[in-house]
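Enquirer: With UniProt numbering, letter number 31 in the sequence shown gets 31, and the count goes up by one each step, no holes. For reference, the structure I am asking about is given below.
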Amino acid sequence: MVALTAVVLSGVLAAAGCRGASPAPAPLRPAWQPAVLPVPPGPPGVPVVRDAAACMGRFYAAGAVRDAAGGTRPALWSSADAVTWSAAAVRAVSFYGAQNVLYAVACRGRSVVAVGAKSGGVHGNPRVSAWRVAGGALVEVPAEFEVFGGPEAVAVSRVAGAPAGWLVAGSRVAGAAVWSWSPPDGGPLAVTTPGGTSTPDPSGVPGRGAAPGAGEPGAAELEPPAALPELAGDGRGRTTAHDVVAVPDGWLVVGDLLPPDGTGFLPVAWTSTDGRGWRRWPLPSAGAGGAAGGDGGSVRRVVLAGAAVVAVGPAGAGFAVWRRAAAGWELAARFGAAGPEGATGGGGVRSVVGLAARGARVVAAVSGDGAAVWSSGDAGSSWRPVMVPAERDGVSSVVVGDDRLVLFADGADGFRAWSTGFTKLDS
Numbered sequence: 001m002v003a004l005t006a007v008v009l010s011g012v013l014a015a016a017g018c019r020g021a022s023p024a025p026a027p028l029r030p031a032w033q034p035a036v037l038p039v040p041p042g043p044p045g046v047p048v049v050r051d052a053a054a055c056m057g058r059f060y061a062a063g064a065v066r067d068a069a070g071g072t073r074p075a076l077w078s079s080a081d082a083v084t085w086s087a088a089a090v091r092a093v094s095f096y097g098a099q100n101v102l103y104a105v106a107c108r109g110r111s112v113v114a115v116g117a118k119s120g121g122v123h124g125n126p127r128v129s130a131w132r133v134a135g136g137a138l139v140e141v142p143a144e145f146e147v148f149g150g151p152e153a154v155a156v157s158r159v160a161g162a163p164a165g166w167l168v169a170g171s172r173v174a175g176a177a178v179w180s181w182s183p184p185d186g187g188p189l190a191v192t193t194p195g196g197t198s199t200p201d202p203s204g205v206p207g208r209g210a211a212p213g214a215g216e217p218g219a220a221e222l223e224p225p226a227a228l229p230e231l232a233g234d235g236r237g238r239t240t241a242h243d244v245v246a247v248p249d250g251w252l253v254v255g256d257l258l259p260p261d262g263t264g265f266l267p268v269a270w271t272s273t274d275g276r277g278w279r280r281w282p283l284p285s286a287g288a289g290g291a292a293g294g295d296g297g298s299v300r301r302v303v304l305a306g307a308a309v310v311a312v313g314p315a316g317a318g319f320a321v322w323r324r325a326a327a328g329w330e331l332a333a334r335f336g337a338a339g340p341e342g343a344t345g346g347g348g349v350r351s352v353v354g355l356a357a358r359g360a361r362v363v364a365a366v367s368g369d370g371a372a373v374w375s376s377g378d379a380g381s382s383w384r385p386v387m388v389p390a391e392r393d394g395v396s397s398v399v400v401g402d403d404r405l406v407l408f409a410d411g412a413d414g415f416r417a418w419s420t421g422f423t424k425l426d427s
């Protein structure tokens, strides 16, 4: 018998604009099927999963193998059924790359890219690496330190794929930033920035070791991004980008803005057709009374849910849901707490660790004083808690592929994958 738990923060679902708390929604109780992630060849350790993706009937889990002393090495697992998993071979080319923990992964068709990091150096800052799958192996993409690090570095957050290429969202000292890779499959991997497009050497990057194997895309000499108008901070405040998603007309990035004289964050989104020119969209504040001067919420994850874009982030005592439809952006709901009018959800640091969708059904994995999974069947308008396996440290990521919902949870013997039917989650 699998032990299940549903960690529900004080208070419950509150739709945007609703006064007072609603009765607690009954939790969903799906039947979960467990699966073990194998330890890749090499030194012993336990699997750690930080992110997941799914494309064309295949699931990918990205993370690391952690040994008893706390040392790590990057790892990527894949599965066709979410039950039987296999680990990819790893080809690191840098000292810190060989110790990376992969924390963001994206796929497009059969192509897979990931971002990982390992703290190190004199100041202990994260040493970030980009990765791609080539020839069945996980291969580090060589890059100079200043591409993701250096004096302008702040954070490298999430990655998304589209027919036009790949986009990484993050932040520099100047504010929100993106790293853009193109073209897609069929040619050398190049990187576009406001300064232009780098010219990849089809035989590999000079001075970086052996060339890629036959038939693989060449590695590119990555460049750090420049500050882009509207995306970067300006007189309106400092911007931060947390996530990115491909949409039919280009890219959509979400994050927050800290006004110069503000006491809290304001939710923001940006759109671009090419990854270079950006338009900023202030989102409705999730603060008390919609006040712009307080904490209006920070958008941490975003997903395409049918024809709508659904974004989730911490706000007040719980979590807020923003939705973009034909009429524009709206504050669609709150969950995990009753919002400004209700009880608080405790003192834990609230974060969104996973967001996945298929059609109008959306699943969010969040953490605060504990961890919880919430589900919406109407593109974010209403939410119900989901009973999940009672693992030691909660859920680290969720992903949807075909009709399977897969979550990854940390247990006493390392991370495991748990899967269940998705479209009939509440039946």
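Glycine is no exception: its CB is placed at the ideal position from the N, C-alpha and C atoms.
For Asp403, which residues in the same chain have their Cβ closer than 7 Å to its Cβ, ignoring the five residues on either side in sequence?
Expert: Cβ within range, chain order: Gly421, Phe422 and Thr423.
Enquirer: If you draw a straight line from the alpha carbon of Pro284 to that of Pro142, how long is it in whole angstroms?
Expert: Looking at the two C-alpha atoms, the distance is approximately 40 Å.
Enquirer: Fully enclosed by the region 302-385, which beta strand (DSSP E) runs are 3 residues long or longer?
Expert: The qualifying runs are 308-315, 318-325, 328-335, 351-358, 361-367 and 371-376.
Enquirer: Do you know how far the Cα of Ser419 is from the Cα of Trp85?
Expert: Going by the C-alpha atoms only, they are around 12 Å apart.
Enquirer: My output table needs one value for Phe408: the three-state DSSP class, helix, strand or coil.
Expert: If DSSP states are grouped into helix, strand and coil, Phe408 belongs with the strands.
Enquirer: Determine, using beta carbons only, whether Pro25 comes closer than 8 Å to chain C.
Expert: Judged by its chain identifiers, the structure shown contains no chain C, having just a single protein chain.
Enquirer: Below 6 Å CB to CB, which residues in the same chain sit around Ala227 once its five sequence neighbours on both sides are set aside?
Expert: Once the five neighbours on either side are set aside, the close Cβ partners of Ala227 are Ala174.
Enquirer: Hey, out of Gly109, Arg384, Trp281 and Glu330, whose CA is closest to Pro25's CA?
Expert: If we check each option's Cα against that of Pro25, Arg384 comes out closest.
Enquirer: Opposite Thr240 in the DSSP bridges: which residues?
Expert: Thr240 is bridged to Asp256.
Enquirer: Cα-Cα, which of Ala82, Pro151 and Ala64 is closest to Val115?
Expert: That would be Ala64, whose Cα lies nearest to the Cα of Val115.
Enquirer: Assuming Val366 and Val398 make a contact with CB atoms under 8 Å, what is their CB distance in whole Å?
Expert: With a Cβ gap of about 10 Å, Val366 and Val398 do not count as contacting.
Enquirer: Give the single residue among Val168, Arg323 and Val312 whose Cα lies nearest to the Cα of Ala246.
Expert: Of the candidates Val168, Arg323 and Val312, the one whose C-alpha sits nearest the C-alpha of Ala246 is Val168.
Enquirer: List, from N- to C-terminal side, the beta strand (DSSP E) runs of 3 residues or more that fit wholly inside the region 15-94.
Expert: You should have 33-36, 46-55, 58-66, 72-79 and 89-91.
Enquirer: Between which two residues does the beta strand (DSSP E) harbouring Phe415 extend?
Expert: It spans Gly414 to Gly421 - the beta strand (DSSP E) in which Phe415 sits, taken as one unbroken run.
Enquirer: Could you check which residue in Pro248, Pro229 and Gly296 has the C-alpha nearest to that of Leu257?
Expert: Here the closest residue by C-alpha is Gly296.
Enquirer: Between the beta-carbon of Gly45 and the beta-carbon of Arg66, is there less than 8 Å?
Expert: Yes; because the gap between Cβ atoms is below 8 Å, this pair is in contact.
Enquirer: May I ask you to check if the CB of Leu258 is nearer than 7 Å to at least one heavy atom of the ligand SAM?
Expert: Because no ligand of any kind appears in the structure shown, any question about the ligand SAM cannot be addressed here.
Enquirer: The beta strand (DSSP E) with Val168 in it runs from where to where?
Expert: Gly165 to Arg172 is the extent of the beta strand (DSSP E) around Val168.
Enquirer: What residues in its chain sit with their C-beta under 6 Å from that of Pro126, if we drop five residues either side in the sequence?
Expert: Around Pro126: Ala117 and Ser119.
Enquirer: Compute the Euclidean distance between the alpha carbons of Trp278 and Arg238, then round it to the nearest angstrom.
Expert: So the alpha carbons of these two residues sit roughly 16 Å apart.
Enquirer: So Glu140 is in the beta strand (DSSP E); what residue range does that whole segment cover?
Expert: Per DSSP, Glu140 belongs to the beta strand (DSSP E) from Ala137 to Val141.
Enquirer: Our contact map puts Gly170 next to Cys107 with C-beta atoms below 8 Å; I'd like the distance itself, whole angstroms only.
Expert: Incorrect: roughly 19 Å between the Cβ atoms, too far for contact.
Enquirer: Is the beta carbon of Leu28 closer than 8 Å to that of Leu405?
Expert: No, the pair does not count as a contact, with Cβ atoms beyond the cut-off.
Enquirer: What residue range is occupied by the uninterrupted beta strand (DSSP E) comprising Val398?
Expert: Taken as a continuous stretch (DSSP letters only), the beta strand (DSSP E) holding Val398 covers Val395 to Gly401.
Enquirer: So what does DSSP say about Val299, is it helix, strand or coil?
Expert: Reduced to three states, the DSSP call for Val299 is coil.
Enquirer: Starting from Leu425, follow the beta strand (DSSP E) in both directions and report where the run begins and ends.
Expert: Taken as a continuous stretch (DSSP letters only), Leu425 belongs to no beta strand (DSSP E), as it is neither H nor E.
Enquirer: Helix, strand or coil: how does DSSP classify Gly161 here?
Expert: Residue state, collapsed to three classes: strand.
Enquirer: Which value, in whole angstroms, describes the spacing of the CA atoms of Gly394 and Leu355?
Expert: Taking the straight line from one Cα to the other gives about 15 Å.
Enquirer: Name the one or two DSSP bridge partners that Asp234 has.
Expert: Paired residue(s): Gly237.
Enquirer: Evaluate Ala412 with the Cβ neighbour count: other Cβ atoms within 10 Å of its Cβ, from every protein chain shown; 16 or more gives buried, anything less gives exposed.
Expert: Exposed, since its Cβ has fewer than 16 Cβ neighbours within 10 Å.
Enquirer: Name the DSSP beta bridge partners of Pro126, please?
Expert: According to DSSP, Pro126 bridges with Ser119.
Enquirer: Nearest-angstrom Cα distance between Arg172 and Pro389?
Expert: So the alpha carbons of these two residues sit roughly 38 Å apart.
Enquirer: Spell out the partners DSSP gives Leu102 in its beta bridges.
Expert: According to DSSP, Leu102 bridges with Gly116.
Enquirer: Going by DSSP, which residues form a beta bridge with Trp179?
Expert: Paired residue(s): Val168.
Enquirer: What residues in its chain sit with their C-beta under 7 Å from that of Pro260, if we drop five residues either side in the sequence?
Expert: Here the set comprises Gly237.
Enquirer: Would you mind sorting Arg110 into buried or exposed? The rule is 16 or more other CB atoms within 10 Å of its CB.
Expert: Under this definition Arg110 is an exposed residue.
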